[in-house]
Amino acid sequence: MSRLFLGMTGLLSGVFGDQVRFIPQDGAERDIQSLFREAPIEVEGADGQVVRIDAPSWRVRRDLAPEARRNDLIVVPDGRTYKVMVVHHSGSPSVDAFLICELQLSA
Numbered sequence: 001m002s003r004l005f006l007g008m009t010g011l012l013s014g015v016f017g018d019q020v021r022f023i024p025q026d027g028a029e030r031d032i033q034s035l036f037r038e039a040p041i042e043v044e045g046a047d048g049q050v051v052r053i054d055a056p057s058w059r060v061r062r063d064l065a066p067e068a069r070r071n072d073l074i075v076v077p078d079g080r081t082y083k084v085m086v087v088h089h090s091g092s093p094s095v096d097a098f099l100i101c102e103l104q105l106s107a
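If you count the sequence shown from 1, position 97 lands on 97 in the UniProt record's numbering, and the numbers rise without skipping.
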């Protein structure tokens, strides 16, 4: 069943996303086609429960940023820098499922 959704995250990021610079604490920084949102969103958590995220969020393919964790940084297209506060793994079994990161504007 998960094969049905394989490739959907890439399609969504490609159509609705932008290049976001990912600056992990360990590893090379890189630009990733992904989705940044400031408005609240609701997502399905790893346990199947709906999670409401009121903070700005970054939705990125898990295989493009598998090391994403608290205190990593992202720079959005308008130049603002955000710090990753929490990383949620989506409930999708697909290998290219999204990670959803709650963010805080960095000083």
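Beta carbons: idealized from backbone N, C-alpha and C, even for Gly.
Is residue 19 close to chain B? Criterion is C-beta to C-beta, closer than 8 Å. Judged by its chain identifiers, the structure shown contains no chain B, having just a single protein chain.
Got a sec? Which residues, its chain only, sit under 6 Å from residue 23 by beta carbon, not counting five neighbours each side? 29 and 73, listed in sequence order.
For residue 58 versus residue 86, is the C-beta spacing smaller than 8 Å? Cβ atoms of residue 58 and residue 86: not closer than 8 Å.
Could you tell me the boundaries of the beta strand (DSSP E) in which residue 69 lies? Element bounds for residue 69: n/a, residue is neither H nor E.
Where does residue 56 land, buried or exposed, given buried means 16+ other C-beta within 10 angstroms? Buried, since its Cβ has 16 or more Cβ neighbours within 10 Å.
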